[in-house]
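Shown next, in structure tokens, is the structure this report addresses.
2 protein chains.
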Amino acid sequence: MARRPAPDTRERILDTAALLFYDHGVQAVGMQQIIDRAKCGKSLLYREFPSKAELVAEYLERARRDFGRQYAEADDHAGSDPSARLIAFVEAMAEGVQSPDYRGCPFRNYLAEVADHDDSAGRIATGYLLDTRARIENFVADMNVAAPDVLAERIWLIVEGLHTAAAHPGGGRAADVALSLVRELVRDAMRV
Amino acid sequence: MARRPAPDTRERILDTAALLFYDHGVQAVGMQQIIDRAKCGKSLLYREFPSKAELVAEYLERARRDFGRQYAEADDHAGSDPSARLIAFVEAMAEGVQSPDYRGCPFRNYLAEVADHDDSAGRIATGYLLDTRARIENFVADMNVAAPDVLAERIWLIVEGLHTAAAHPGGGRAADVALSLVRELVRDAMRV
DNA sequence: GTCTATAAGCCGATAGAC
DNA sequence: GTCTATCGGCTTATAGAC
Chain A
4 MARRPAPDTR ERILDTAALL FYDHGVQAVG MQQIIDRAKC GKSLLYREFP
54 SKAELVAEYL ERARRDFGRQ YAEADDHAGS DPSARLIAFV EAMAEGVQSP
104 DYRGCPFRNY LAEVADHDDS AGRIATGYLL DTRARIENFV ADMNVAAPDV
154 LAERIWLIVE GLHTAAAHPG GGRAADVALS LVRELVRDAM RV
Chain B
4 MARRPAPDTR ERILDTAALL FYDHGVQAVG MQQIIDRAKC GKSLLYREFP
54 SKAELVAEYL ERARRDFGRQ YAEADDHAGS DPSARLIAFV EAMAEGVQSP
104 DYRGCPFRNY LAEVADHDDS AGRIATGYLL DTRARIENFV ADMNVAAPDV
154 LAERIWLIVE GLHTAAAHPG GGRAADVALS LVRELVRDAM RV
């Protein structure tokens, strides 16, 4: 018999690739870099991930799952009031940008650096954005406010700004600013 | 003497490079592509721009000048009231994202795709963002509102969101949303 | 480990104005 | 013919892929 495959190879490679992709951008990272860092051979990487495009897609897909889990957990603690759930969702996103080595949202970064949004990874990234936006719209729709479309559009704009501003110089307060503004908009919308 | 140099060579190359860089991202565009499109030889490009990094820096520097001119023109028509000048500034930025082939802010895109912000181009991009933010802060400071820092931070977040959201699917209304929200924040801040 | 494509950058070759 | 702006192939490194 031959050597048994290490069980966590795929995850280890994906971990390594994810770190590099996030820190340096997808295009700037070569397959050789990932191989060196993951301490695996080329054939092993290419057995698990048939191409770089596939590896990138898996990186984003896993990020989507991870984010989805975080948001689901935040939602569990938020009770059933739609406005509370909305705030909890924005809080969870705001928490995500607070890391000192935050370098932007992986999906937004991918869409900014790759022009073609119709490949596999691009569809995951745009899908994530559309899902996030739809989630906000659904929460707002359940809130019975006067102009739900306006409120949802505004919150979406702030969420976009949150992820972008936090990655820029002097963006350390973006999370607080976004949260306070969303809270105020929600409060005002429900008061009327 | 001998053959005269074509007068607009440098501008033509820079025009071509700018279009390609903006449409496909800086990293995805090769020097050969620029050479082919600009219908010039390699030596000519390398005589005008000693390296790709220099060419990218010139692309961003020219964009900064162009944007600066647009904003200065908008400011000329805005009168002297700081709140009107602030609104005019945001209107000018909102107009900029309305193009059907808008693919994001060139500076923000560059920072998203290149991790190292300490090279020549990166300093131009971060400088542009810091200048824009400072301009907003200065307008707000001149407005004599109760909490100028909060207002400026909020408007900056919305401006970041404007540029990001407009490049994403379904972002066609981002300009209107951002403008109406900024107008409302300014109005509320001055009412109190 | 090797192979092919392509990147950035360099230099000999070409050609057009005097 | 000569001088120089410009061209396009060449070199080396590195990419992705088998």
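First to last, the protein sequences are chains A and B.
In terms of the numbering used here, the first sequence opens at residue 4 and continues consecutively.
In terms of the numbering used here, the second sequence opens at residue 4 and continues consecutively.
Using N, Cα and C, we set each Cβ at its ideal position, and we do this for glycine too.
Per-residue burial, residue i [other beta carbons within 10 Å of its own, 16 or more giving buried]
i: residue 157 (chain A); result: buried
i: residue 96 (chain B); result: buried
i: residue 147 (chain B); result: exposed
i: residue 61 (chain B); result: buried
i: residue 174 (chain A); result: buried
i: residue 136 (chain B); result: buried
i: residue 102 (chain B); result: exposed
i: residue 86 (chain A); result: buried
i: residue 75 (chain A); result: exposed
i: residue 164 (chain B); result: buried
i: residue 9 (chain B); result: exposed
i: residue 32 (chain A); result: buried
Assumed close pair residue i, residue j - CB separation to whole angstroms, cut-off 8 Å
i: residue 172 (chain B); j: residue 129 (chain A); result: 5 Å
i: residue 139 (chain B); j: residue 89 (chain B); result: 7 Å
i: residue 106 (chain A); j: residue 170 (chain A); result: 6 Å
i: residue 162 (chain B); j: residue 154 (chain B); result: 12 Å between Cβ atoms; not a contact.
i: residue 200 (chain B); j: residue 149 (chain B); result: Past the edges of chain B, shown from 4 to 195, lies residue 200 (chain B), and the structure says nothing about it.
i: residue 180 (chain A); j: residue 160 (chain B); result: 5 Å
i: residue 67 (chain A); j: residue 16 (chain A); result: Contact doesn't hold; Cβ gap of about 18 Å is too wide.
Short Cβ contact (8 Å threshold) for residue i with residue j
i: residue 132 (chain A); j: residue 110 (chain A); result: yes
i: residue 94 (chain B); j: residue 118 (chain B); result: no
i: residue 63 (chain A); j: residue 115 (chain A); result: no
i: residue 145 (chain B); j: residue 56 (chain B); result: no
i: residue 23 (chain B); j: residue 50 (chain B); result: no
i: residue 28 (chain B); j: residue 141 (chain B); result: no
i: residue 47 (chain B); j: residue 12 (chain B); result: yes
i: residue 44 (chain B); j: residue 38 (chain B); result: yes
i: residue 30 (chain A); j: residue 30 (chain B); result: yes
Cβ-heavy atom distance, residue i to the ligand ADP, below 7 Å
i: residue 94 (chain B); result: You won't find the ligand ADP in this model; it holds no ligand whatsoever.
Notebook entry, point to check: Quick one, which residues of the segment 17–39 of chain A are near chain B if we go by CB-CB under 7 Å, in chain order?
Noted result: 26, 27, 28, 30 and 31
Notebook entry, point to check: Which ranges would you report for the beta strand (DSSP E) in the segment 86–123 of chain B if only whole runs of at least 3 residues count?
Noted result: none
Note to self: Which residues of the segment 157–180 of chain B have a Cβ closer than 8 Å to any Cβ of chain A? Give them in chain order.
What the structure shows: 157, 159, 160, 161, 162, 163, 164, 165, 166, 167, 168, 170, 171, 172, 173, 176, 177 and 180
Item checked: Positions along the segment 126–145 of chain B whose CB lies within less than 9 Å of some CB in chain A -> 129, 132, 133 and 136
Margin query: At 4 residues or longer, what runs of the alpha helix (DSSP H) sit wholly inside the segment 4–92 of chain A?
Written below: 12–27, 34–41, 45–51 and 55–79
Check: If contact means a Cβ-Cβ distance below 8 Å, which residues of the segment 99–119 of chain B contact chain A?
Finding: 106, 107, 111, 112, 114, 115, 116, 117 and 118
Next item on the list: Note down, in chain order, all residues in the segment 48–68 of chain A with a beta-carbon under 9 Å from any beta-carbon belonging to chain B.
Entry: none
Notebook entry, point to check: In chain order, what residues of the segment 181–193 of chain B put their CB closer than 7 Å to some CB of chain A?
Noted result: 181 and 184
Next item on the list: Let me know the alpha helix (DSSP H) ranges lying completely inside the segment 140–179 of chain B, each 4 residues or longer, listed in chain order.
Entry: 151–168
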